[in-house]
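Q: Under the numbering used here, the residue at position 28 of the sequence shown is numbered 62, and the numbers go up by one with no gaps. So that we are looking at the same thing, I have put the structure below in structure tokens.
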Amino acid sequence: MDDCIFCKIMKGEIPSYTIYEDDEVKVFLDINPSTNGDALLVPKKHIVTIDDLSSDALLHFFEVTLKVKKLMEVRLHIDGLTICQNNGHGQDVKHFHVHLTPRYVNDNLKHDFNKEILVDIAKVHEQLTK
Ligand code: 5GP
Ligand code: ZN
35 MDDCIFCKIM KGEIPSYTIY EDDEVKVFLD INPSTNGDAL LVPKKHIVTI
85 DDLSSDALLH FFEVTLKVKK LMEVRLHIDG LTICQNNGHG QDVKHFHVHL
135 TPRYVNDNLK HDFNKEILVD IAKVHEQLTK
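Shown next as structure tokens:
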């Protein structure tokens, strides 16, 4: 896609701090990190959401995630890793990507959300199962 920022990074038209690369994916540092080492795992092919992924690709992405996690453990001494992937609402860049966010005991990372729109979990369970 010509106007896709991640496609431009894949083609080298926009620079990135790449920490892992193979034939299928690139992993590079997020330009606006939540924690030190905050990274994005991005397929080279322009895919938009998880719906467009093959089972082989899903498996490969998790294998790469494990490699990067080990790298971060050795080099950055991370205390944990939060894996997050947005589809639809909440997805700013419409080229599939997985956030690999290192966690540190003092990072104070929190999700801010609107508790007022929450309904009883029993009702949600019914909606999902009945
Ligand atoms: P989303 O909200 O789509 O799940 O996340 C998009 C992420 O891409 C954001 O965390 C944002 O900081 C990152 N991002 C957007 N543009 C660029 C860029 O040009 N370079 C890099 N390295 N990260 C980017
Ligand atoms: Zn793209």
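Every residue gets a Cβ at the ideal spot worked out from N, C-alpha and C, and that includes glycine.
Residues near the ligand ZN, CB to any non-hydrogen atom under 6 Å, in chain order?
A: Residues flagged by the Cβ proximity filter: MET35, CYS38, PHE40, CYS41, HIS80 and HIS129.
Q: At the level of alpha carbons, what is the spacing between ASP37 and HIS129?
A: On the sequence shown, residue 37 is found 3 positions in, with the first residue counted as 1. On the sequence shown, residue 129 is found 95 positions in, with the first residue counted as 1. Cα to Cα, the separation comes out at about 11 Å.
Q: By Cβ distance below 8 Å, which residues in the same chain neighbour SER50 in space, the five residues on each side in sequence not counted?
A: Your numbering for residue 50 matches position 16 in the sequence shown. The residues are ILE43, LYS60, PHE62 and LEU63.
Q: Please identify the residue among ARG137, SER68 and ASP85 whose C-alpha is closest to the C-alpha of LYS103.
A: Residue mapping note: residue 103 aligns to position 69 of the sequence shown, counting from 1. Ranking ARG137, SER68 and ASP85 by Cα distance to LYS103 puts ARG137 first.
Q: Express the C-alpha separation of ASP146 and ILE155 in angstroms, rounding to a whole number.
A: The residue labelled residue 155 in the question sits at position 121 within the sequence shown. The residue labelled residue 146 in the question sits at position 112 within the sequence shown. So the two alpha carbons sit approximately 19 Å from each other.
Q: Any idea what DSSP makes of ILE53, helix, strand or coil?
A: Here the question's residue 53 lines up with position 19 in the sequence shown. Strand at ILE53.
Q: Go ahead and label ILE117 buried or exposed: buried means 16 or more other beta carbons lie within 10 angstroms of its beta carbon, across all protein chains shown.
A: Taking the first residue of the sequence shown as position 1, residue 117 is located at position 83. The residue in question, ILE117, is exposed, as its Cβ has fewer than 16 Cβ neighbours within 10 Å.
Q: From which residue to which residue does the alpha helix (DSSP H) around VAL108 run?
A: Start at 1 with the first residue of the sequence shown, and residue 108 comes out as number 74. From DSSP, the alpha helix (DSSP H) with VAL108 extends over 89 to 110.
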